[in-house]
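Residue numbers (the numbering used here): 909 to 990. Every residue, glycine too, gets a C-beta built ideally from N, C-alpha and C. Worksheet: one structure, shown below.
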Amino acid sequence: SLTLTSQHGTVGVSTLPVVSVDGMQTKAPEPRVAPASEPYWPDGAQETDLFAKIEGLAELHKKGILSSEEFAAKKAELLSRL
């Protein structure tokens, strides 16, 4: 929610009264919510990011931090996003 800050403190815009125009009170517009969308990935960036994550997982597996089962499961999950 939008807030304003002044010498008197912070005020939420939704708490402010609606001012009338020419004696006619106007209804406050309904708040608009942007629809959820897929994240933007420039061409090839998503694949590059996924492969970097898989390489990082491989490094953790090599160091013994991840088991073979954990590595395989996470790798399959990441590859399913392609």
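Could you spell out the range, first to last residue, of the beta strand (DSSP E) harbouring L912?
T911 to S914
What does DSSP give as the partner residues of V919 in its beta bridges?
L912
Are the C-beta of L974 and some C-beta of chain D separated by less than 9 Å?
This model lacks chain D altogether; it includes just one protein chain.
Excluding sequence positions up to five away, which residues of its chain have a Cβ less than 7 Å from the Cβ of L910?
Within the same chain, V921 come within 7 Å of L910 by CB-CB distance, once the 5 residues on both sides are set aside.
What's the gap between the Cα of A981 and the Cα of G972?
15 Å
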